[in-house]
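Below is one structure, written out as structure tokens, with a few remarks after it.
Protein chains: 2
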Amino acid sequence: MMQLLQLLLYCEDVKVMNDIFKKKLSTVTLGVKSFSDNLRTFSDEVVNLEWQPPCFADPKDAMLLARLFNNEKIVKANEIAVGKYLNAQPVLTKICSAREVIPDFKGRKLLHSGPPIAYENMCGPMQGAVCGAIVYEGWADDIESAQNLVRSGQVELSPCHHHHAVGPMAGVISPSMPVFVVKNTVDGNEAYSNLNEGLGKVLRFGANGDEVLSRLKFMQEKLAPVLAKALEILGPIEIKPLISQGLQMGDECHNRNSASTGQLIKILSPVLAGIDGGAEALRFIASNDHFFLNLSMAACKCMLDAASGVKYSSMVVAMARNGVNFGIRISGAGDTWFEAPSLFIKGLYFPGYGDKDANPDLGDSAITETAGIGGFAMAASPAIVKFVGGSSQDALNNSLRMREITLGRHPSFCLPALDFDGTACGIDVLKVLDRHILPIINTGIAHRQAGIGQIGAGITNAPEECFVKALRFLAADVL
Amino acid sequence: MMQLLQLLLYCEDVKVMNDIFKKKLSTVTLGVKSFSDNLRTFSDEVVNLEWQPPCFADPKDAMLLARLFNNEKIVKANEIAVGKYLNAQPVLTKICSAREVIPDFKGRKLLHSGPPIAYENMCGPMQGAVCGAIVYEGWADDIESAQNLVRSGQVELSPCHHHHAVGPMAGVISPSMPVFVVKNTVDGNEAYSNLNEGLGKVLRFGANGDEVLSRLKFMQEKLAPVLAKALEILGPIEIKPLISQGLQMGDECHNRNSASTGQLIKILSPVLAGIDGGAEALRFIASNDHFFLNLSMAACKCMLDAASGVKYSSMVVAMARNGVNFGIRISGAGDTWFEAPSLFIKGLYFPGYGDKDANPDLGDSAITETAGIGGFAMAASPAIVKFVGGSSQDALNNSLRMREITLGRHPSFCLPALDFDGTACGIDVLKVLDRHILPIINTGIAHRQAGIGQIGAGITNAPEECFVKALRFLAADVL
């Protein structure tokens with residue numbers, strides 16, 4: 382398709398064009414079918430190629446894309462990057478406080494989801510979560526003082542992704558919070574995520590009342606030490622097989638984690654039952670079907686970090702949203718973010734809520750789609766359509782469509798409904814722009830005000846502008 | 382279709398036939414397409430109806446079927462029976478020894494799967510299980526003495542189904558074994574099943590060595606009391622929602638029970654963790670992905686017993702195999718069994734085994750298919766085809782085909798891959814014979830020698846003869 386475009390762009394010589402029209406025409410039309418209808422009255426030799434202009438119809442970007450497509454440097458770099466991702470072996474090795482393991486996590490510092498953003502520009506849920514975390518850490522006595530503290534610049538704010546971490550929704554991680562430590566046993570890199578609080582009034586949706594903070598204290602003081610002890614007894618837990626089994630059991634490990642949470646409980650419960658406080662820990666985990674989500678996210682981050690930093694690679698290694706902006710990172714562009722405004726989510730609202738209540742797309746959980754699960758693996762999870770809308774055929778189609786924009790199929794993440802073919806993984810910026818297909822994300826909808834919580838779930842896309850910006854970066858680097 | 386047959390059977394007047402052939406022919410051919418090919422050379426007005434003779438081509442039975450089909454008494458009775466089945470609410474109320482709850486379970490008596498059978502006619506695995514149970518009960522000191530005891534007629538043998546009970550494979554239940562007590566809270570009827578031992582060398586496949594018997598003792602003395610205590614604390618557990626969730630999570634609750642076992646552990650583990658011996662119980666349950674099977678079976682038995690005993694009903698309320706014969710019971714025929722030799726299973730063998738090693742179809746677990754799950758719900762469980770053979774499309778097709786021979790769809794047992802349509806349930810003897818489609822069963826393959834265990838899994842059918850016999854019974858009763 383790119384070669385055709387190159388031809389057309391160079392066909393500017395009018396004489397050549399006139400000569401062509403004197404001959405008997407054999408025509409290929411590009412675009413909607415009606416383009417070919419007129420020509421068909423003159424000639425039988427008309428072929429219509431269903432086609433949309435690449436790069437969202439910008440000719441300069443399209444030319445860059447034409448020059449980068451199949452570029453040897455990029456192809457080779459992508460092979461390395463996707464290989465590193467596929468080979469990674471994420472293993473849960475430790476549960477401890479964030480400050481113990483997250484590099485450079487000192488003083489009054491908080492992590493948040495998505496690309497960088499200043500407090501005053503944050504969306505409601507993220508501001509609420511930041512203030513809640515400040516009170517939780519004891520840096521302020523109440524939410525108002527917390528607001529003053531952060532507004533006065535005395536709290537450093539930094540994206541989770543800058544610290545090999547991920548957090549769902551507001552994604553706020555503070556130094557005292559317990560985190561999962563997931564290590565890639567092949568390359569040695571670690572990734573981190575906080576522990577899932579459950580649904581309802583929770584910090585990640587910006588709630589910051591007593592109930593929320595005392596749950597966080599319970600998680601820090603009771604849950605995490607008990608889980609850490611169980612993990613010490615059990616030894617490291619491989620996460621890839623859990624995701625793999627989850628996909629056989631109706632989870633896509635982003636919006637649905639019910640079976641995977643059950644599988645995790647199968648592993649943990651015999652040991653937890655022998656530890657003081659184990660019953661309470663089990664009660665907490667068993668009452669939250671999303672408990673596995675944060676572990677799934679940390680594993681995805683761990684596998685994708687392994688793929689990052691391969692010069693010239695156009696593979697996407699992070700997609701993350703701070704509720705205002707959506708950022709992607711590609712393997713060949715180091716720590717650079719390519720950003721655009723976050724889109725809204727199309728889906729099903731819980732009773733009493735609608736479009737006017739919704740926050741734009743928020744959270745680091747799109748790391749799952751970046752890794753080929755979540756929305757990319759919807760075919761594994763027909764039950765998810767009851768939650769995000771559509772039919773089970775839509776779920777299949779979404780997984781099939783993502784094959785168009787990815788570099789490979791995951792041999793361990795198989796989709797039973799597609800006869801156990803691997804899920805599409807390794808999003809390629811160039812394919813996204815060439816095929817005009819945006820990565821799908823299957824996600825929760827947060828209320829735009831702090832503390833109200835989840836108000837629905839649905840489907841959205843990564844914005845096209847992120848990919849165009851990444852293309853321009855690559856062009857400058859490669860050409 | 383039946384009306385056409387009636388017409389043909391009465392068309393014996395040769396004159397009428399000759400007159401027909403003098404006119405311009407408008408023809409409907411019945412059967413394979415080639416029947417219509419010759420006629421098509423004479424006339425355009427030929428329609429071929431894909432059709433097989435009903436009742437497996439026996440004209441006398443076909444006439445009985447023609448007379449019973451749409452019979453008002455049967456239609457009304459079936460409405461009642463299927464309604465009772467759909468309304469039943471099976472709830473796990475108790476775990477205790479079989480002798481405490483199973484009616485008329487005194488002295489040296491053992492229950493077994495399938496229709497009645499004498500010891501000397503039993504298949505290898507069932508003989509092995511019977512002798513193992515005799516030693517387990519202390520009625521004999523070793524397997525040889527046990528054989529002598531049972532051969533001398535001093536052990537009464539009776540089908541589980543005669544006692545509202547079901548057991549997988551050999552299905553041997555002895556008085557000291559713990560059982561699940563599942564009660565239908567709508568009609569008050571109870572059903573029972575033993576507890577699943579796990580895979581490998583286990584009594585239900587006829588193994589009866591020390592390892593097997595000491596596991597049974599552990600289940601009796603440790604596991605069951607701990608589970609009983611947990612159940613006392615938790616209160617009754619509804620089984621229908623667990624099956625329903627299982628179907629959303631890749632289980633069909635016969636050959637695949639992985640997610641459902643996980644869901645059960647989610648419920649039990651927080652309480653078990655607070656009970657002495659809970660850790661050991663959890664270790665046992667969490668290491669056996671089939672633990673939920675026996676509970677699924679007891680629930681199915683409970684729902685189907687609610688539907689039994691409706692005079693004139695042609696609804697199948699039990700399908701069970703003793704490894705030699707396959708028996709069905711229908712709602713309108715009380716305790717009568719309609720039997721035929723058990724078929725072999727077509728499927729995938731574990732490495733090192735083949736057709737020559739296989740026992741014919743064995744066990745009460747086909748109660749799941751009778752209730753519309755198992756093979757009938759394969760569409761919910763594409764992962765099962767990795768175990769029983771075929772593609773995920775085959776799994777879908779099996780579920781769709783069963784709609785042809787059933788009285789209803791289950792509103793709670795929904796199949797995500799069929800856009801959440803209910804599973805086909807309430808097998809109708811008349812539809813089976815009319816459509817020439819036999820109920821599908823999705824089952825394990827036992828080695829024909831005692832104690833070797835499961836050697837594969839696959840798909841088989843209920844034999845046609847059972848349904849023909851049931852038809853004749855109904856004809857005698859209704860006409």
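From first to last, the protein sequence lines stand for chains A and B.
Sequential numbering from 382 applies to the first sequence in the numbering used here.
Sequential numbering from 382 applies to the second sequence in the numbering used here.
Each residue gets a CB set at the ideal place from its N, CA and C atoms; glycine is no exception.
Under 8 Å between C-beta atoms, does B:A826 make it to chain A?
-> First, the residue type needs correcting, since residue 826 of chain B is Ile and not Ala in the sequence shown. Not an interface residue.
Neighbourhood of A:A856 by C-beta, 8 Å cutoff - its chain only, sequence neighbours within 5 removed = Same-chain partners within the cutoff: L445, R448 and L449.
What separation, rounded to the nearest whole angstrom, lies between the Cα atoms of A:A443 and A:A640?
-> The straight-line gap from Cα to Cα measures roughly 44 Å.
Test item: CB-CB of B:E592 and B:R585 under 8 Å = Cβ distance not < 8 Å, so B:E592 and B:R585 don't count as in contact.
In chain order, what residues of the region 646 to 676 of chain A put their CB closer than 7 Å to some CB of chain B?
-> Correct list: I646, K647, S650, P651, L653, A654, G655, G659, A660, L663, R664 and A667.
Tell me whether the beta-carbon of A:Q835 lies closer than 8 Å to the beta-carbon of A:L663.
-> Between A:Q835 and A:L663, the gap from beta carbon to beta carbon reaches 8 Å or more.
Output, in chain order, the set of chain A residues within a Cβ distance shorter than 7 Å of B:M630.
-> Against chain A, the beta carbon of B:M630 has neighbours under 7 Å at M630, G631, S639 and A640, listed in chain order.
Beta-carbon of A:D800 versus every beta-carbon of chain B: anything under 8 Å?
-> Chain B contact via Cβ: present.
For B:E453, count neighbouring Cβ atoms within 10 angstroms of its own Cβ and tell me buried if that reaches 16, exposed if not.
-> Exposed, since its Cβ has fewer than 16 Cβ neighbours within 10 Å.
Step through the CB atoms of chain A and report whether any lies within less than 8 Å of the CB of B:G643.
-> Yes, contact with chain A.
How would you label B:T787, buried or exposed, when you count the other beta carbons within 10 angstroms and need 16 or more for buried?
-> Buried, since its Cβ has 16 or more Cβ neighbours within 10 Å.
Give the secondary structure of B:V472 by DSSP, where H, G and I count as helix, E and B as strand, and everything else as coil.
-> Note: B:V472 maps to strand in three-state DSSP.
Should A:V428 be labelled buried (16 or more other beta-carbon atoms within 10 Å of its own) or exposed?
-> The residue in question, A:V428, is exposed, as its Cβ has fewer than 16 Cβ neighbours within 10 Å.
Could you work out which residue in A:S424, A:N575 and A:H544 is closest to A:L676 when comparing CA atoms only?
-> Measuring from the Cα of A:L676, the nearest candidate turns out to be A:N575.
Report the option in A:F486, A:V472 and A:P844 whose CA atom is closest to the CA atom of A:S478.
-> The candidate whose alpha carbon is nearest that of A:S478 is A:F486.
How big is the Cα-Cα spacing for B:L386 and A:P732?
-> For B:L386, the predicted structure reports a pLDDT of 49, less than 50, and the residue's modelled location is therefore unreliable. A value from the coordinates is still provided. Each residue's CA atom was taken as its position, placing B:L386 and A:P732 some 55 Å apart.
Residue-chain proximity (B:P797, chain A), Cβ-Cβ < 8 Å | Closer than 8 Å to some Cβ of chain A, the Cβ of B:P797 qualifies, so yes.
Name, going along the chain, the residues of the region 770 to 796 of chain A whose beta-carbon falls closer than 8 Å to a beta-carbon of chain B.
-> The residues in question are S772, S773 and Q774.
Check the C-beta distance from B:T865 over to B:D742 and give it rounded, since I have them as a contact under 8 Å.
-> Missing from the structure shown is residue 865 of chain B; chain B here goes from 382 to 860 and no further.
Go through its chain and collect everything with a Cβ distance to A:Q528's Cβ below 6 Å, but skip five positions before and after it.
-> Result list for A:Q528: C512, in chain order.
Would you kindly report the start and end of the unbroken beta strand (DSSP E) that includes A:L420?
-> Boundaries around A:L420 are those of the alpha helix (DSSP H), F416 to R421, since no beta strand (DSSP E) includes it.
At a cut of 8 Å, does the region 694 to 712 of chain A reach the region 590 to 606 of chain A through at least three beta carbon pairs?
-> The region 694 to 712 of chain A is not in contact with the region 590 to 606 of chain A.
With 16 as the cutoff for other CB atoms within 10 Å, does B:S415 come out buried or exposed?
-> So B:S415 ends up on the exposed side.
Enclosing beta strand (DSSP E) for A:G643 [first to last residue] = Per DSSP, A:G643 is not a residue of any beta strand (DSSP E); the alpha helix (DSSP H) it occupies stretches across S639 to L653.
For B:Y500, the first and last residue of its enclosing alpha helix (DSSP H) | For B:Y500, there is no enclosing alpha helix (DSSP H), as DSSP marks it with neither H nor E.
Mark A:R596 as exposed unless 16 or more other C-beta atoms lie within 10 angstroms of its C-beta, in which case mark it buried.
-> By the C-beta density criterion, A:R596 is buried, having at least 16 other C-beta atoms within 10 angstroms.
Going by C-alpha distance, which of A:I833, A:D858 and A:P844 is nearest A:A510?
-> Comparing Cα-Cα distances from A:A510 to each of A:I833, A:D858 and A:P844, the minimum goes to A:I833.
Go ahead and pull the three-state DSSP assignment for B:G579.
-> Three-state result, B:G579: coil.
What do you reckon, is the C-beta of B:N468 under 7 Å from a heavy atom of the ligand PLP?
-> As presented, the structure is devoid of all ligands, the ligand PLP included, so that no description of it is given.
Just tell me which of A:I656, A:V705 and A:V472 has its CA closest to the CA of A:P722.
-> Measuring C-alpha to C-alpha distances from A:P722 to each of A:I656, A:V705 and A:V472 identifies A:V705 as the nearest.
Spell out whether any CB of chain A is found under 8 Å from the CB atom of B:A764.
-> Among the residues facing chain A, B:A764 is included, as its CB has a counterpart in that chain under 8 Å away.
From A:H671, A:E537 and A:A609, pick the residue whose C-alpha is nearest to that of A:P559; which is it?
-> Closest in C-alpha terms to A:P559, from the list A:H671, A:E537 and A:A609, comes A:A609.
Beta-carbon separation of A:E633 and A:I461 under 8 Å?
-> No, they are not a contact pair.
Short Cβ contact (8 Å threshold) for B:E720 with B:C847 | Their beta carbons are under 8 Å apart, which means B:E720 touches B:C847 by this criterion.
Compute the Euclidean distance between the alpha carbons of A:S773 and B:H791, then round it to the nearest angstrom.
-> The alpha-carbon atoms of A:S773 and B:H791 are separated by roughly 19 Å.
Whole-angstrom distance between A:V472 and A:I620, CA atom to CA atom = Here the alpha carbon of A:I620 sits roughly 6 Å from the alpha carbon of A:V472.
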